[in-house]
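Engineer:
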Amino acid sequence: MDNLSEALEKLKLTSSDSASTETCLDCLLKALANNNTETSMKIQEMGILPLLPALLNPQSSCTPKVANIIAEVAKNEFMRSPCVDAGLISPLVQLLNSTDQELLLQTGRALGNICYDSHSLQAQLINMGVIPTLVKLLGIHSHNTALTEMCLIAFGNLAELESSKEQFASTNIAEELVRLFQKQTEHEKKEMIFEVLAPLAENDTIKLQLVEAGLVECLLEVVAQTVDGEREEDVAQLKTASDLMVLLLLGDESMQKLFEGGKGSVFQRVLSWIPSHNHQLQLAGALAIANFARNDGNCIHMVDTGIVQKLLELLDRHVEEGNVTVQHAALSALRNLAIPVVNKSKMLSAGVADVVLKFLQSEMPPVQFKLLGTLRMLIDTQAEAAEQLGTNRKLVERLVEWCEAKDHAGVMGESNRLLSALIRHSKSKEVVRTVIQGGGVKHLVTMATSEHMIMQNEALVALGLIAALDLAAAEKDFVGANLVSVLHKLLSDERSAPEIKYNSMILICAVMGSEPLHKEVQNLAFIDVVSKLRAHENKTVSHQASLTEQRLTAQS
Numbered sequence: 168m169d170n171l172s173e174a175l176e177k178l179k180l181t182s183s184d185s186a187s188t189e190t191c192l193d194c195l196l197k198a199l200a201n202n203n204t205e206t207s208m209k210i211q212e213m214g215i216l217p218l219l220p221a222l223l224n225p226q227s228s229c230t231p232k233v234a235n236i237i238a239e240v241a242k243n244e245f246m247r248s249p250c251v252d253a254g255l256i257s258p259l260v261q262l263l264n265s266t267d268q269e270l271l272l273q274t275g276r277a278l279g280n281i282c283y284d285s286h287s288l289q290a291q292l293i294n295m296g297v298i299p300t301l302v303k304l305l306g307i308h309s310h311n312t313a314l315t316e317m318c319l320i321a322f323g324n325l326a327e328l329e330s331s332k333e334q335f336a337s338t339n340i341a342e343e344l345v346r347l348f349q350k351q352t353e354h355e356k357k358e359m360i361f362e363v364l365a366p367l368a369e370n371d372t373i374k375l376q377l378v379e380a381g382l383v384e385c386l387l388e389v390v391a392q393t394v395d396g397e398r399e400e401d402v403a404q405l406k407t408a409s410d411l412m413v414l415l416l417l418g419d420e421s422m423q424k425l426f427e428g429g430k431g432s433v434f435q436r437v438l439s440w441i442p443s444h445n446h447q448l449q450l451a452g453a454l455a456i457a458n459f460a461r462n463d464g465n466c467i468h469m470v471d472t473g474i475v476q477k478l479l480e481l482l483d484r485h486v487e488e489g490n491v492t493v494q495h496a497a498l499s500a501l502r503n504l505a506i507p508v509v510n511k512s513k514m515l516s517a518g519v520a521d522v523v524l525k526f527l528q529s530e531m532p533p534v535q536f537k538l539l540g541t542l543r544m545l546i547d548t549q550a551e552a553a554e555q556l557g558t559n560r561k562l563v564e565r566l567v568e569w570c571e572a573k574d575h576a577g578v579m580g581e582s583n584r585l586l587s588a589l590i591r592h593s594k595s596k597e598v599v600r601t602v603i604q605g606g607g608v609k610h611l612v613t614m615a616t617s618e619h620m621i622m623q624n625e626a627l628v629a630l631g632l633i634a635a636l637d638l639a640a641a642e643k644d645f646v647g648a649n650l651v652s653v654l655h656k657l658l659s660d661e662r663s664a665p666e667i668k669y670n671s672m673i674l675i676c677a678v679m680g681s682e683p684l685h686k687e688v689q690n691l692a693f694i695d696v697v698s699k700l701r702a703h704e705n706k707t708v709s710h711q712a713s714l715t716e717q718r719l720t721a722q723s
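Numbering (our numbering), first residue to last: 168 to 723.
What follows is the structure, given as structure tokens:
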């Protein structure tokens, strides 16, 4: 330690190019190698850090050693702020323009260590323009393994920041990374590149750049090489490559480019993953179909070319003790495919509803949620299917049970919406009776108070149909669920949308045929609320208010 103190004292007195400076720096590096923490503390105590910016001279042969010392010192968390305070970041960033590979490596290490785990410092580097500089370095020095790794680590850290994506998108990072990936044979190196690609591929512009640079072909090759592998690294690479493939399909432009009207080779390869025996590939294949099924044209083409059958066969393989993620992905794909009106009857004929109902006993909320959404999409405008499902007592009982799933808001919301949809699309007295007997009415009344206007409206229309088709059977449930009070609140609330007010008044008129409900309407003085609505700016609402007022007056 005496030698160190002496070296530090000398360093204060020497100029950047003297031979003694180099000796002092060597002594520091040796001390840091022996005991980094203690040496760093000594460097801090003796006020050496503020001297270092002057020693970061691009022309000096000592500069790589100075940068190395900073890199070593900044491994300690307690030294990072002092490094920033000493003004080291700006001169280090300038050194990234050097052609000296050793200097570039040590400079990159120093900046990486100083800014480690600090989003604010990393953002500062981004603002100083390091991203285009590092991308350029990667292109020039791709043969230098250490420098390449330094660039990849830097990219991995910077890419986590949203502010970096725009800068990355303005460079040729996609081409450089794909070129680098194609040259790699080692698992660890590929993994490093994957770690950079994943956060970058969250940006839609970069997604398209990666597709155009040929990343998809690389990923398909990785899948082909690892699909039958049993080594841990093969399993890891297969997962990473197929996950990244699905991520690329989340961008509209990149997805459409790979779909190529349903004739694209990539699309065909992904299709072949669904019948695979590998769960990871089945999952990626189903998720890819769900992503391709994001516009009507693609959905119609896929249903016409038999994809539904592949998905149903996949689901059938996962009914008993199935893989939940595969179930969820396949149901997501079916739900998306069922959105275009022309697909619904075709999918119903293919037996989609029957297969989906096999998962009714699932206790997994993500599967429940997708199952409900798929059935709701399928029966939209399909009266026969809505009646068939709406008279299925097991289904209705399960929906009523899930309407109380307070821990899973998505499942609860979708159950309510499907219950309402069964009534609205079937307009069937049998369905209404099944829902009443199953205890579903109170949930539809609660749904009418939802914060989502679309759900309120769906509930009111369904309740209106219940009142019109079988008021006598529903009377007790309407009274028990305080329906009249709920309608009074909806009509009194200025925030209620015109559709809500209109459908509430329709429902008031419909329940007037019930003596106990009629009494409640009279007790709550509905006529005052309704008469105010005659002046409503929406003509449909004001007209319905006049009709409702007449009805209330006539029956008072």
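All residues carry an ideal CB built from backbone N, CA and C; glycine is no exception.
Straight-line CA distance for Glu189 to Ala253?
Structural biologist: Taking the sequence shown and counting its residues from 1, the one referred to as residue 189 is at position 22. Taking the sequence shown and counting its residues from 1, the one referred to as residue 253 is at position 86. Looking at the two C-alpha atoms, the distance is approximately 21 Å.
Engineer: I'd like the span of the alpha helix (DSSP H) that includes Leu375, first residue to last.
Structural biologist: One-based indexing of the sequence shown puts residue 375 at position 208. It spans Asp371 to Glu379 - the alpha helix (DSSP H) in which Leu375 sits, taken as one unbroken run.
Engineer: Per DSSP, what kind of secondary structure is Val291 in: helix, strand or coil?
Structural biologist: The residue given as residue 291 occupies position 124 in the sequence shown. Here residue 291 turns out to be Gln, not Val, going by the sequence shown. Here Gln291 sits in helix by DSSP.
Engineer: Measure the alpha-carbon distance for Glu731 versus Gly429 and round it to whole angstroms.
Structural biologist: The structure shown does not extend to residue 731, since the chain is modelled only from 168 to 723, so the question has no answer here.
Engineer: Is Arg484 helix, strand or coil when you go by DSSP?
Structural biologist: Along the sequence shown, one-based indexing puts residue 484 at 317. Three-state DSSP puts Arg484 in coil, outside helix and strand.
Engineer: Using DSSP with H/G/I as helix, E/B as strand and the rest coil, what is Val394?
Structural biologist: Sequence index remark: in the sequence shown, residue 394 carries index 227 (1-based). In this structure, Val394 counts as coil in the three-state DSSP scheme.
Engineer: So which of Lys177, Lys643 and Thr266 has the shortest CA-CA distance to Pro225?
Structural biologist: For the purposes of this step, residue 225 is taken as residue 58 along the sequence shown, with counting starting at 1. The option with the nearest alpha carbon to Pro225 is Thr266.
Engineer: Quick check on Arg436: does DSSP put it in helix, strand or coil?
Structural biologist: Stepping through the sequence shown from its first residue, residue 436 is reached at position 269. Note: Arg436 maps to helix in three-state DSSP.
Engineer: Please classify Thr274: does DSSP put it in a helix, a strand, or coil?
Structural biologist: For this step, residue 274 is matched to residue 107 along the sequence shown. Here Thr274 sits in helix by DSSP.
Engineer: Which of helix, strand or coil does DSSP assign to Tyr283?
Structural biologist: On the sequence shown, position 116 is the one that residue 283 refers to. If DSSP states are grouped into helix, strand and coil, Tyr283 belongs with coil.
Engineer: Given that a residue counts as buried once 16 or more other Cβ atoms are within 10 Å of its Cβ, and exposed if not, what is Val608?
Structural biologist: Looking up residue 608 in the sequence shown gives position 441. The residue is buried, with at least 16 neighbouring Cβ atoms inside 10 Å.
Engineer: Is the distance from the Cβ of Pro217 to the Cβ of Gln273 below 7 Å?
Structural biologist: Taking the sequence shown and counting its residues from 1, one reaches residue 217 at position 50. Taking the sequence shown and counting its residues from 1, one reaches residue 273 at position 106. No, they are not a contact pair.
Engineer: In three-state DSSP terms, what is Leu328?
Structural biologist: Position 161 of the sequence shown, counted from the start, is the residue given in the question as residue 328. Of the three classes helix, strand and coil, the one that applies to Leu328 here is coil, per DSSP.
Engineer: Determine the contact status of Val578 and Trp569, defining contact as a CB-CB distance below 7 Å.
Structural biologist: As a first step, residue 578 must be located in the sequence shown, where it is residue number 411. As a first step, residue 569 must be located in the sequence shown, where it is residue number 402. Closer than 7 Å, so yes.
Engineer: Look up Lys115 in the DSSP assignment and say whether it is helix, strand or coil.
Structural biologist: Since the first residue of the chain shown is 168 and the last is 723, residue 115 is not available in this structure.
Engineer: Got a sec? Which residues, its chain only, sit under 7 Å from Ala174 by beta carbon, not counting five neighbours each side?
Structural biologist: One-based indexing of the sequence shown puts residue 174 at position 7. Cβ within range, chain order: Cys191, Cys194 and Leu195.
Engineer: Taking buried to mean at least 16 other C-beta atoms within 10 Å of its own C-beta, is Asp574 buried or exposed?
Structural biologist: As a first step, residue 574 is located in the sequence shown; it is residue number 407 there, counting from the start. Flag for Asp574 reads exposed.
Engineer: Taking Cβ to Cβ, would you say Val363 is nearer than 7 Å to Gly396?
Structural biologist: For the purposes of this step, residue 363 is identified with residue 196 of the sequence shown, where counting begins at 1. For the purposes of this step, residue 396 is identified with residue 229 of the sequence shown, where counting begins at 1. No, the Cβ-Cβ distance between Val363 and Gly396 is not below 7 Å.
Engineer: On the premise that Ser663 lies in contact with Val696, defined as a C-beta separation below 8 Å, what is that separation, rounded to the nearest angstrom?
Structural biologist: As a first step, residue 696 must be located in the sequence shown, where it is residue number 529. As a first step, residue 663 must be located in the sequence shown, where it is residue number 496. Rounded, the Cβ-Cβ distance is 11 Å, inconsistent with contact.
Engineer: Let me check understanding here. Comparing Cα to Cα, which of Ala520, Ser516, Leu478 and Met531 lies closest to Val491?
Structural biologist: Position 324 of the sequence shown, counting from 1, holds the residue named residue 491. Per the Cα distances, Met531.
Engineer: Does DSSP put Asn503 in a helix, in a strand, or in coil?
Structural biologist: Counted from its first residue, the sequence shown places residue 503 at position 336. Reduced to three states, the DSSP call for Asn503 is helix.
Engineer: Could you please give the first and the last residue of the uninterrupted alpha helix (DSSP H) stretch that includes Asp660?
Structural biologist: Sequence index remark: in the sequence shown, residue 660 carries index 493 (1-based). Where Asp660 is concerned, there is no enclosing alpha helix (DSSP H), given that its DSSP letter is neither H nor E.
Engineer: Measuring alpha carbon to alpha carbon, tell me which residue in Leu454, Ala238 and Phe426 is nearest Ser409.
Structural biologist: Here residue 409 refers to the residue found at position 242 when the sequence shown is read from its first residue. Of the candidates Leu454, Ala238 and Phe426, the one whose C-alpha sits nearest the C-alpha of Ser409 is Leu454.
Engineer: Should Ala391 be labelled buried (16 or more other beta-carbon atoms within 10 Å of its own) or exposed?
Structural biologist: Within the sequence shown, numbered from 1, the residue matching residue 391 stands at position 224. Answer is exposed; the Cβ neighbour count stays below 16.
Engineer: If you measure between the beta carbons of Met422 and Asn458, is that distance less than 7 Å?
Structural biologist: Residue mapping note: residue 422 aligns to position 255 of the sequence shown, counting from 1. Residue mapping note: residue 458 aligns to position 291 of the sequence shown, counting from 1. In contact: Met422 and Asn458 (Cβ atoms closer than 7 Å).
Engineer: Run through DSSP, which three-state label would Asp242 get?
Structural biologist: If you number the sequence shown from 1, residue 242 lands on position 75. A small fix is needed here, since residue 242 is Lys in this sequence, not Asp. Coil.
Engineer: Shortest alpha-carbon distance to Met544 belongs to which of Ile281, Val509 and Ser228?
Structural biologist: In the sequence shown, counting from the first residue as 1, residue 544 sits at position 377. Among Ile281, Val509 and Ser228, the Cα nearest to that of Met544 is on Val509.
Engineer: Buried or exposed for Gln528, please, with buried defined as at least 16 other CB atoms from any protein chain shown within 10 angstroms of its CB.
Structural biologist: Within the sequence shown, the letter at position 361 stands for residue 528. Answer is exposed; the Cβ neighbour count stays below 16.
Engineer: Is Lys573 helix, strand or coil by DSSP?
Structural biologist: Along the sequence shown, read from residue 1 onward, the residue named residue 573 stands at position 406. Looking at Lys573 - three-state DSSP - the assignment turns out to be coil, as it is neither helix nor strand.
Engineer: Would you kindly check if the distance between the Cβ of Val378 and the Cβ of Lys332 is under 7 Å?
Structural biologist: Your numbering for residue 332 matches position 165 in the sequence shown. Your numbering for residue 378 matches position 211 in the sequence shown. No, the pair does not count as a contact, with Cβ atoms beyond the cut-off.
Engineer: Report the three-state DSSP secondary structure of Gln349 (helix, strand or coil).
Structural biologist: By one-based count along the sequence shown, residue 349 stands at place 182. Helix.
Engineer: Hey, would you say Gln289 sits closer than 7 Å to Pro249, going by beta carbons?
Structural biologist: Numbered from its first residue, the sequence shown carries residue 289 at position 122. Numbered from its first residue, the sequence shown carries residue 249 at position 82. The answer is no: Cβ separation not under 7 Å.
Engineer: Can you find the residues in the same chain that come closer than 6 Å, C-beta to C-beta, to Met168, ignoring five residues on each side of it along the sequence?
Structural biologist: Taking the first residue of the sequence shown as position 1, residue 168 is located at position 1. Residue placement at Met168 is poorly supported in this model, since its pLDDT is 41, which falls under 50; the coordinates still yield a value, given next. Same-chain partners within the cutoff: there are none.
Engineer: Quick one: residues in its chain with C-beta nearer than 6 Å to the C-beta of Ala576, no 5 flanking neighbours on either side, listed in chain order?
Structural biologist: Start at 1 with the first residue of the sequence shown, and residue 576 comes out as number 409. Cβ within range, chain order: n/a, list empty.
Engineer: With a threshold of 8 Å on Cβ separation, who are the neighbours of Asp598 within its own chain once the five nearest residues in sequence on each side are excluded?
Structural biologist: For this step, residue 598 is matched to residue 431 along the sequence shown. A small fix is needed here, since residue 598 is Val in this sequence, not Asp. Ala553, Glu554, Gly557, Thr558, Leu589 and Ile590.
Engineer: Any idea what DSSP makes of Leu304, helix, strand or coil?
Structural biologist: Residue mapping note: residue 304 aligns to position 137 of the sequence shown, counting from 1. Leu304: helix per DSSP, three-state reduction.
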